Structures are given as C-alpha cells and as structure tokens.
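So the structure is just underneath, and the comments pick up after that.
There are 2 protein chains.
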Amino acid sequence: MPKRRILPFIILGIVSNRPQITGREITAEFSTEIGDFWKASHSQIYPELRRMVDDQWLTTTTSPQNAKEKYYLITATGQEILDEWLGRAVDELPIHQDLFSLKLFFIKDPFDPRIRQLIATQTALLQQSLTHLRQRQRTVFPDDQAITRHYSHYLILARAISRTAGQLAWLKNVGDNLK
Amino acid sequence: MPKRRILPFIILGIVSNRPQITGREITAEFSTEIGDFWKASHSQIYPELRRMVDDQWLTTTTSPQNAKEKYYLITATGQEILDEWLGRAVDELPIHQDLFSLKLFFIKDPFDPRIRQLIATQTALLQQSLTHLRQRQRTVFPDDQAITRHYSHYLILARAISRTAGQLAWLKNVGDNLK
DNA sequence: GACTTTTATGTCGATAACGACATAAAATGG
DNA sequence: CCATTTTATGTCGTTATCGACATAAAAGTC
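If you want it as structure tokens, here you go:
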C-alpha cells in the first residue's frame, strides 16, 4: 500500500469552511493559509475534486456568470468523513525532510567553510519566513475579536512563529560560536 | 518533472563516511542517525544502490564469509558528486506536513473537546521524541572530545532537541490556557 | 543432519507527486 | 470587434514512495 492519503481530507476541511468555493480558490489556500502545513498543486487538486464528487463527498454547481467556474459544496457524507478524520488521533510526528540538517550531518570537519555558508543561507530563509508569518498574523488577527473567532488558526500561526523564531535564535547562537 | 531526487545523495554521504557498509546497515541508518531528517525503506534503498553501482557512483564487493552480503564503497566520481551536492545552497525551507496543525486549523470552535485531545496526543508524542533524542545525545556524545570529532552531528542533534523542547513548552502553555 | 527461524537482499503493484503541456472561456486593449 | 492575454480547469508522463510479497543463504534448534 502506498502512503496514506491526506489531500482529500484537507480539501473537505477547506470546502466545509468555505462553501461555494472554486477549485482555483482551493488551490490558492495552499499558497496562503494551509501553505505552512501542506503543499499541493492544482494538478493534484483538480483530479482529486473530480474523484470526491464521484464519491459523493462533494457536490458541484457551475457558475451562472462564468461558464468554466465550478462551485463546490460538502455533502452530509463528506461532513461525516471530515468529522471522523478530525477526531482521529494523530499517531505520529511529522517527518522533517530537512536538507539543511542532512548536509550539515555529512560535513564532518567543523572548520569546513560550507558550514557557515549553509547557516547563512538557512538564516536568510528563516528570516524571510518569519517576516511573512508575522505579516500574516497582523493581517488575519488585527484585534482580539478576530483571535476569538478563529482561535485554532491563531494557535497554529503563533506556533509557527514561535518555532521559526526559536530556530533563528539557535542558528544565530551557533553562527556566533563559529566566529 | 517529478520531485527532486535526494535519496542517492544521502546514500553517497552515508557510504562516504562508512566505507564497506552493507545495504542492511545503510537501511538501519535511516532508523537511527538520519531518521530525524529523512525516511527511506529498504525497498527504496536496494534498487537505488543498484542504480548507483550501474552509474559508477559506488562499487560493490561480496563478503567472503557471507555470500549474500554486499559491501559498498564510494568511487571518485561519487565523491565528486557528493561534494558538489554538499556545497550547493539549500534554497528552500522544509515543508512541514503537519497533521496536528492541519486538524487544529479546521476545528473552528475553541471549546471543541477534540482540541484538547489533539494537544494531549501531540504532547505525548513530542515528550517521547524528546526523551529519545536526549538519550541519543548522551550515548553519542558522552564527552567533549566526541563533540569536537563530530561537531556537525552534535549541532543538528542539539537543534532537534531545542526545537522539540520549544514545541513542548509552547503546547503546555496552550493547554494551561484552555483550562 | 533435517527442520525452523532469522537475516539480507531483491521485486512488484498501486498510487502520490508534480512539472509540463493543453484548452476554452473571459477579460483586456487598441 | 478583432487580436491578445489572462484565467480556470483539465490532462499526461515520469518518477517517488512504500507496504506486501519473494528468495536464498545463514544461523539456530532438537
């Protein structure tokens, strides 16, 4: 059996929270909200949507204004499946496919200049990511009311920020020690 | 084009550091040292080893004691390719395929009991992982000399510990707030 | 020394992933 | 209003992944 299927459940979650969403908008979610936790391209999403309609997890209607746009809605069956999935315990930690650590691991000489280069690049990437995350936090949660209304979303965004900031601080510490 | 190929480079790194390693031992590395940063099963590794021998990245010899065991060595070509790969900049952060965050994200009600259940499970997993990592740190780096000899390895292990501890602290904080 | 279990390697089938390519409707622009 | 560009959806080919199955040598057992 191949890897466990996750994508259809994520799509269920997206459609459940935003009825009448289009395929294009679902794809866009993976570049913004969901993007920090999962990636998917439109060439995965469109065939998946088709399968999910076939399986009666979703229904679809065509836009009256735009003949090629399709709106998706979750069915009762789909909602059941989503609820069951959300309630199922997560039984393993995510595997970090971390090229940075991997390359560091293979460079045995502590004075190899490539170490400092790797750290510099990684620091830049993390800094960029942190800026982006903080920007989003300001945009999505401008006040306490917004936090209360989407508390879970707030939690995971705060967690991502905390994690990224932690890694940055740690990298800085290492970089300073190498000087 | 499908996803970028990483596995052969990891294998190059492993064989480079441990000449005369067997396929079984390479597989074992993914359950211990490398396991925190990459996963691969033997059914990926053996065909890959074959390809790499065909491509002259590795050479292989058969054990005199055990007819079915094969020893692998990196070739000059393989070493060049490995060095080039190690020097190449990592241009993107790892995507965290994080089911925990994903499920949280889809549960909008802050009082949904599944939130606390998710947090409890995640805490247990992280705690288990942290214990394991600290155990490894004690085993692999019993003294400063060991740290100096494999400084990079020490770095990434320390980083994993720091990250895991950070996430745990953060989860505990959230859990306390929900009470 | 025949039998069973374990070890090390190898193979296969189903499907996930993803970039490249394709298409037709809608929007744009002169 | 015709030509061009953009948008939204869809398709395809190649490769990655991984559990299940297979096999033959080695080790263990009585």
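Sequence lines, in order, name chains A and B. Count the first sequence with numbering that gives the first Met the number 0 and you get residues 0 to 178, in order. Count the second sequence with numbering that gives the first Met the number 0 and you get residues 0 to 178, in order. Idealized CB from N, CA, C, for every residue including glycine. For clarity, every value in this text was computed on a predicted model and none was experimentally measured.
Check whether residue i and residue j have beta carbons under 8 Å apart
i, j, result
"L170 (chain A)", "L98 (chain A)", "no"
"G34 (chain A)", "F105 (chain B)", "no"
"Y45 (chain B)", "T60 (chain B)", "no"
"S151 (chain A)", "I118 (chain B)", "no"
"H41 (chain A)", "T26 (chain A)", "yes"
"W56 (chain B)", "P7 (chain B)", "yes"
"W37 (chain A)", "L101 (chain B)", "yes"
"I160 (chain B)", "R133 (chain B)", "yes"
For residue i, the three-state DSSP class (helix, strand or coil)
i, result
"L57 (chain B)", "strand"
"I73 (chain B)", "strand"
"T120 (chain A)", "helix"
"I80 (chain B)", "helix"
"R137 (chain B)", "helix"
"V89 (chain B)", "coil"
"F8 (chain A)", "helix"
"S62 (chain B)", "coil"
"F110 (chain B)", "coil"
"I94 (chain B)", "coil"
"H149 (chain B)", "coil"
"D175 (chain A)", "helix"
"K67 (chain A)", "coil"
Residue nearest to residue i in terms of C-alpha spacing, selected from the options
i, options, result
"P112 (chain B)", "A:Q78, A:I25 and A:A88", "A:A88"
"Y153 (chain A)", "A:A39, A:F140 and A:R162", "A:F140"
"A145 (chain A)", "B:S62, B:R50 and B:K107", "B:K107"
"H131 (chain B)", "B:R148, B:E32 and B:S100", "B:E32"
"I5 (chain B)", "B:G174, B:I160, B:I80 and B:A164", "B:I80"
"D175 (chain A)", "A:T163, A:H149 and A:T122", "A:T122"
"L85 (chain B)", "A:L103, A:L72, A:L92 and A:L85", "A:L103"
"E91 (chain B)", "A:Q96, A:L92, A:D90 and A:E91", "A:Q96"
"Q127 (chain B)", "B:A157, B:L167 and B:I155", "B:L167"
"I94 (chain A)", "B:S161, B:N172, B:R49 and B:A39", "B:A39"
"P109 (chain B)", "B:V173, B:L48, B:I10 and B:I155", "B:V173"
"E68 (chain B)", "B:I155, B:G165 and B:R23", "B:R23"
"R158 (chain A)", "A:Q116, A:Q136, A:D143 and A:A75", "A:Q136"
"M51 (chain B)", "B:Q78, B:T147 and B:S30", "B:Q78"
"I186 (chain B)", "B:S62, B:D82 and B:G165", "Since the first residue of chain B shown is 0 and the last is 178, residue 186 (chain B) is not available in this structure."
Inset, instruction - Only counting runs of 4 or more residues, tell me where the alpha helix (DSSP H) segments fall wholly within the stretch 12-55 of chain B, in order along the chain. - result: 22-28 and 41-53
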